[in-house]
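**Q** Just so you know, we're using numbering that gives the first Met the number 0 here: the sequence shown kicks off at 0 and counts up by one. Can you keep this structure in mind? I'll have questions shortly.
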Amino acid sequence: MDIRSEKPEDLEAVRNVNIAAFGRENEANLVDSLRGIGPTFSFVAVQSDRIVGHLFFSLVAVEGKCSRHLSILGLAPVAVLPKYQRQGIGTLLIRQGLKECGRSGFHAVVVLGHPDFYPRFGFIPASRKSLKCEYDVPDEAFMVLELESGALQDCSGTVKYRSEFSLCE
Ligand SMILES: CC(C)(COP(=O)(O)OP(=O)(O)OC[C@H]1O[C@@H](n2cnc3c(N)ncnc32)[C@H](O)[C@@H]1OP(=O)(O)O)[C@@H](O)C(=O)NCCC(=O)NCCS
């Protein structure tokens with residue numbers, strides 16, 4: 000299993016992974032619409048020359064009070080082809096992806112997702128860091144991970160995703 004950054008020739012396969020994993024086109028369209036807008040990270044999992052997983056990060060904004068400028072990413076979407084799920088591929092993608100985001104100097108990552116899955120990577124409810132989601136979601140489903148320890152200490156507010164995320168409502 001190889002985890003690497005997406006290449007231009009991967010776009011069709013990445014689309015197909017998202018469509019197959021989510022059973023609809025919304026997430027694939029979201030990724031296509033966000034590529035190239037601000038900093039984004041797109042990673043693929045490759046097995047035997049086939050793209051079987053995909054992970055995407057894009058910039059979010061905090062509307063509130065922060066004592067300094069913070070660069071925060073939203074993790075979404077993450078997708079693994081149905082036949083390849085529950086074999087550790089999603090975990091590997093997320094671990095590698097988070098490492099790269101940290102290396103690139105981002106301060107934190109938020110995710111809206113299953114509270115049984117993301118804490119294994121260090122995510123905690125964002126409310127514990129005084130951050131809330133702009134969407135009406137259960138408290139434990141909106142999580143944050145500091146990539147730089149203490150980065151969120153003097154920051155509070157509402158996390159805003161780009162308007163393109165309305166494609167996935
Ligand atoms: C979520 C997803 C990317 C995980 O990838 P994966 O390769 O199957 O994950 P792994 O094999 O690394 O880890 C499996 C773990 O994730 C958990 N998990 C996966 N999807 C889950 C979900 N939708 N709800 C709850 N837990 C989930 C499994 O319970 C399992 O936990 P365990 O290790 O305690 O048994 C994949 O299942 C997928 O593509 N799902 C459809 C798309 C989706 O819902 N994406 C997430 C929202 S953005």
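We treat Cβ as the ideally placed atom computed from N, Cα and C, and that holds for glycine. Please read these numbers as outputs of a predicted model, since none were measured by experiment.
Just to confirm, are V109 and I93 a CB contact at a threshold of 8 Å?
**A** Cβ distance not < 8 Å, so V109 and I93 don't count as in contact.
**Q** Does the beta-carbon of G52 have 16 or more other beta-carbons within 10 angstroms, so that it is buried, or is it exposed?
**A** The residue in question, G52, is buried, as its Cβ has 16 or more Cβ neighbours within 10 Å.
**Q** At which residue ranges does the stretch 32-74 contain complete beta strand (DSSP E) runs of 3 or more residues, listed in the order of the chain?
**A** List check, beta strand (DSSP E) in window: 39-46 and 49-65.
**Q** Let me confirm a value: K64 is counted as buried when at least 16 other C-beta atoms fall within 10 Å, else exposed. Which label applies?
**A** By the 10 Å Cβ count, K64 comes out exposed.
**Q** Under 8 Å, with one C-beta from each stretch per pair, do the stretch 125-143 and the stretch 7-17 reach the 3-pair mark?
**A** Too few Cβ pairs lie closer than 8 Å, so no.
**Q** So, helix, strand or coil for P114, using DSSP?
**A** Coil.
**Q** Could you check which residue in V158, G121, A19 and A44 has the C-alpha nearest to that of G73?
**A** Answer by Cα proximity: V158.
**Q** Along the chain, where does the alpha helix (DSSP H) containing E99 start, and where does it finish?
**A** Where E99 is concerned, the enclosing alpha helix (DSSP H) stretches over I88 to R102.
**Q** For ligand 1, list every residue whose C-beta falls under 6 Å from any of its heavy atoms, going in chain order.
**A** In chain order, the qualifying residues are A20, F21, A75, P76, V77, A78, V79, Q84, R85, Q86, G87, I88, G89, T90, G112, H113, D115 and F116.
**Q** Relative to the C-alpha of F42, which candidate in I36, M142, S57 and S155 has its C-alpha closest?
**A** When only C-alpha atoms are compared, the closest one is S57.
**Q** Counting along the chain, where does the alpha helix (DSSP H) carrying V16 start and finish?
**A** That run of the alpha helix (DSSP H) goes L10 to F21.
**Q** Should K98 be labelled buried (16 or more other beta-carbon atoms within 10 Å of its own) or exposed?
**A** With fewer than 16 Cβ atoms within 10 Å of its Cβ, K98 is classed as exposed.
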